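Engineer:
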Amino acid sequence: MSFGSRLNAIGKWIPNGRRIVDVGTDHAYLPVLLVQEGKITGAIAVDIAEGPCAAAQRTVDLYGLGNIIEVRCGDGLSVVDPGEADVAAIAGMGGVTMIDILEKSKAVVESLERLVLQPMNGAELLRSWLLQHNWHLHAEDLIPEGDKLYEVIVAEKGQGEKQLDDVYYEVGPLLLAAHHPLLAQHIKRLMDRYASLLIAMDNSDDAKHSEKYQEFLRRKNKLEELYYENYSS
């Protein structure tokens, strides 16, 4: 079976010899990949819907991995007990949903040593939440797939970094510090998003004079500043 670049990018941040819980597992491809690579000793594959759970079970059965990968149908980490996993991988959902999953299962989250997160949106909210809840950013990555860029955030237990401007949480402080090869494209996309929002709001006088408009404008200007600081030559 061929695995996509996103799964491989998530999988590379799972330390060797660990037990993982894969939330939003869909077809359980990530646990299968990690078992094939010999990286993990066990996995719990979780999905909230019966269809994906059934698909995950079929994949596990197909590869004969039922003794290593257990499929559980339920809401996030609610079907996991503290100590059953060392690392949680959560992918394919929004940052707000991820925060909700983490908030609902605090005892399980406390027992984990690492989180590997791939938010589809709301990455800035997720980064801020992590730093406020005694997680520090260990690594960040950008994964191109088709015409999209996906963010991967790796967090470990420890004192969170100091709070930064929200724009840095949108860009990713470690992506910025490392001058990631796809950083320019990433910042440009964020700039374009705010430009589109501002153009849409320009059609309404109320919207143009709102606090939200001013905040979007501030963020767009800050992103432009970051972009030209790093890519002016």
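In this text, residue positions in the sequence shown follow the working numbering: the first is 1209, and each later residue adds one.
Every residue gets a Cβ at the ideal spot worked out from N, C-alpha and C, and that includes glycine.
Everything numeric in this text was worked out from a predicted model, so none of it was measured.
Roughly how many angstroms lie between the CA atoms of G1259 and R1280, to the nearest whole one?
Structural biologist: 12 Å
Engineer: Checking the sheet assignment: what are the DSSP bridge partners for E1353?
Structural biologist: K1356
Engineer: Using 8 Å for Cβ pairs, my map puts L1285 next to V1324. What's the rounded Cβ distance?
Structural biologist: L1285 to V1324, Cβ: 14 Å. No contact.
Engineer: Rounded to whole angstroms, how far is the Cβ of A1217 from the Cβ of V1360, which I believe are closer than 8 Å?
Structural biologist: 6 Å
Engineer: Take R1214 and list the residues in its own chain whose beta-carbon comes closer than 7 Å to its own, dropping the five residues that flank it on each side.
Structural biologist: Q1326, I1351, E1353 and Y1358
Engineer: Pick out whichever of D1283, L1241, E1245 and G1246 has its Cα sitting closest to the Cα of V1268.
Structural biologist: L1241
Engineer: Rounding to the nearest angstrom, what Cα-Cα distance links D1386 and R1397 in this structure?
Structural biologist: Note that residue 1386 is Ala in the sequence shown here, rather than Asp. Cα-Cα distance, rounded: 18 Å.
Engineer: Taking the alpha-carbon of A1263 as reference, which of E1278, L1333, A1236 and E1332 has the nearest alpha-carbon?
Structural biologist: Nearest option by C-alpha distance: A1236.
Engineer: Can L1334 and G1300 be called in contact, C-beta distance under 9 Å?
Structural biologist: no
Engineer: Is D1413 near the ligand ATP, with its Cβ less than 8 Å from a heavy atom?
Structural biologist: In the structure on display, the ligand ATP does not appear, and there are no ligands present to speak of.
Engineer: Nearest-angstrom Cα distance between S1412 and Y1271?
Structural biologist: Between the alpha carbons of S1412 and Y1271 lies a gap of roughly 57 Å.
Engineer: Taking C-beta to C-beta, are V1362 and I1298 nearer than 9 Å?
Structural biologist: Against a cut-off of 9 Å, the Cβ pair of I1298 and V1362 comes out as no contact.
Engineer: Label K1428 either buried or exposed according to how many other C-beta atoms from any shown protein chain fall within 10 Å of its C-beta, with 16 as the threshold for buried.
Structural biologist: buried
Engineer: How many whole angstroms separate the CB atoms of I1407 and L1431, which I take to be in contact at a CB cut-off of 8 Å?
Structural biologist: So it is not a contact: roughly 16 Å between Cβ atoms.
Engineer: Does the Cβ-Cβ distance between V1295 and L1320 come in under 9 Å?
Structural biologist: yes
Engineer: Tell me the rounded alpha-carbon separation between M1399 and T1249.
Structural biologist: Straight-line measurement puts the Cα of T1249 at about 43 Å from the Cα of M1399.
Engineer: What does the alpha-carbon distance come out to for the pair W1337 and I1307?
Structural biologist: 7 Å
Engineer: Tell me the rounded alpha-carbon separation between W1221 and G1246.
Structural biologist: If you take the alpha carbons of W1221 and G1246, they lie about 14 Å apart.
Engineer: Can you tell me where the alpha helix (DSSP H) holding A1530 begins and where it ends?
Structural biologist: An answer regarding residue 1530 cannot be provided, because it is not within the stretch 1209 to 1441 covered by the chain.
Engineer: I'd like to check one pair, V1254 with V1288: are the Cβ atoms closer than 9 Å?
Structural biologist: yes
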